[in-house]
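In this note's numbering, the protein residues as written are 24 to 408. We put the CB at the ideal spot given by N, CA and C, even for glycine. Data first, discussion second: the structure below is written as structure tokens.
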């Protein structure tokens, strides 16, 4: 039963507390009760939108945010939430329009809001816009380590390695304890072959700061190589323990893929200096996670290698294709019974058209490599090598 002595602010505060505790169902119940008494309370509609968004109920979240915007067209939190839902629904132009409206209202100096918008764009791989909002945050707040780090992540995803290095180092100057930025920088340096610099940063992290096994594997192998440590050295025990914890949290599919990725053509585990797994581009970014996690742009960066170089691609079904880019596309085409007699060009064109309808992402069909990398960007497959 509702409490007639509670104001709309009281309901909003109660729901906010429940939301922060991860009790989304209870938060929704509190908001629903409050809206029964105060149907025109914008903050309650906004809270309902974010609670629905947390439960990935995008249609309900959209309705809540749209009701909030109808009541107050200039409400920045409602516009930000609506923009995020629109991104989830593939309506990128409308989402960016919501964010532009927020800027026009004078909120470009709002540090938390700019980062919130940037992260939403980053998760949906709208990277140029994400970088723009992160840099708005760092421009208004040059002492923000988080804004600098986020700018570094976006720069790297956009292929600006120099800019990424600069921003990540700036983040660590501002906050030497920023573990996520340090881990990302260490992975980036490792991918560049700067192993000593990578180890320098990895040694300045704690096991609990790692939410992805990639950097831990690299740290272990670098320590064993540089310091000649045996596998059972006490110094390595906390790191092995953290790997076990992460493996316990991983799904069977994740473990299966990790095992495949660690194998060379001869079935032996590859030297960790050649073991890129998903590379720095796909390491877990806890700061970017929001219910659905990071949208990993598997096809961004990394280089395509020489002509004829073997690559590995895995599909959502678990099927793995190995070969040149052209051979992989041909295998994909042959696996689709309806295209057994069609050409590769026809298959790529039809697949790209279908993907555009489903995801809103345009996949190039000029050549096999562009098609596969575009498909990875759209989340239709993952490039392992």
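Enclosing beta strand (DSSP E) for residue i [first to last residue]
i           : result
residue 337 : 334-337
residue 343 : 343-346
Where the alpha helix (DSSP H) through residue i begins and ends
i           : result
residue 19  : Any property of residue 19 remains undetermined from this structure, which presents the chain solely from 24 to 408.
residue 161 : 150-163
residue 140 : 134-146
residue 106 : 99-111
residue 394 : 391-400
residue 88  : 81-94
residue 126 : 115-127
residue 75  : 65-77
residue 2   : A question about residue 2 goes unanswered here, because the residues of the chain that appear run from 24 up to 408.
residue 38  : 31-43
Reference residue i; option with closest CA among the options
i           : options            : result
residue 400 : 363, 48, 267, 146  : 146
residue 82  : 64, 95, 113, 65    : 113
residue 168 : 156, 142, 159, 204 : 204
residue 79  : 48, 238, 53        : 48
residue 131 : 148, 109, 161      : 161
residue 28  : 61, 50, 355, 125   : 61
residue 235 : 265, 212, 148, 387 : 265
residue 77  : 65, 396, 53, 42    : 42
residue 311 : 95, 125, 154       : 154
residue 73  : 348, 108, 95, 96   : 108
residue 242 : 232, 229, 222, 233 : 222
residue 259 : 71, 141, 226       : 226
residue 115 : 183, 144, 137, 125 : 144
residue 232 : 189, 262, 383, 402 : 262
residue 135 : 156, 152, 94       : 156
Residue i, buried or exposed, once every other Cβ within 10 Å from all chains shown has been counted against 16
i           : result
residue 100 : buried
residue 210 : buried
residue 57  : buried
residue 179 : buried
residue 63  : exposed
residue 44  : exposed
residue 51  : buried
residue 35  : buried
residue 103 : buried
residue 133 : buried
residue 366 : exposed
residue 251 : exposed
residue 127 : exposed
residue 238 : buried
residue 170 : buried
residue 342 : exposed
residue 398 : buried
residue 374 : buried
residue 66  : buried
residue 352 : buried
residue 69  : buried
residue 330 : For residue 330, the predicted model reports a pLDDT of 38, less than 50, meaning its position is unreliable; a value from the coordinates is still stated below. By the 10 Å Cβ count, residue 330 comes out exposed.
residue 142 : buried
residue 158 : buried
residue 376 : exposed
residue 177 : buried
residue 172 : buried
residue 2   : Coverage of the chain is limited to positions 24 through 408, which leaves residue 2 absent and any answer about it impossible.
residue 84  : buried
residue 106 : buried
C-alpha distance - residue i paired with residue j, whole-angstrom precision
i           : j           : result
residue 335 : residue 406 : 6 angstroms
residue 345 : residue 338 : 12 angstroms
residue 88  : residue 150 : 24 angstroms
residue 119 : residue 256 : 52 angstroms
residue 393 : residue 269 : 34 angstroms
residue 32  : residue 86  : 21 angstroms
residue 368 : residue 129 : 48 angstroms
residue 30  : residue 117 : 34 angstroms
residue 372 : residue 381 : 14 angstroms
residue 98  : residue 91  : 8 angstroms
residue 246 : residue 202 : 19 angstroms
residue 390 : residue 349 : 8 angstroms
residue 187 : residue 361 : 44 angstroms
residue 4   : residue 59  : Because the chain is modelled from 24 through 408, residue 4 falls outside the range shown and cannot be assessed.
residue 193 : residue 53  : 42 angstroms
residue 333 : residue 395 : 14 angstroms
residue 121 : residue 39  : 23 angstroms
residue 164 : residue 148 : 24 angstroms
residue 191 : residue 174 : 8 angstroms
residue 184 : residue 216 : 14 angstroms
residue 364 : residue 355 : 13 angstroms
residue 55  : residue 378 : 37 angstroms
residue 249 : residue 271 : 29 angstroms
Residue i CB to nearest heavy atom of the ligand HEM below 7 angstroms
i          : result
residue 96 : This structure lacks the ligand HEM; in fact it carries no ligand of any kind.
What beta strand (DSSP E) runs, 3 residues minimum, are completely inside the stretch 177-258? none
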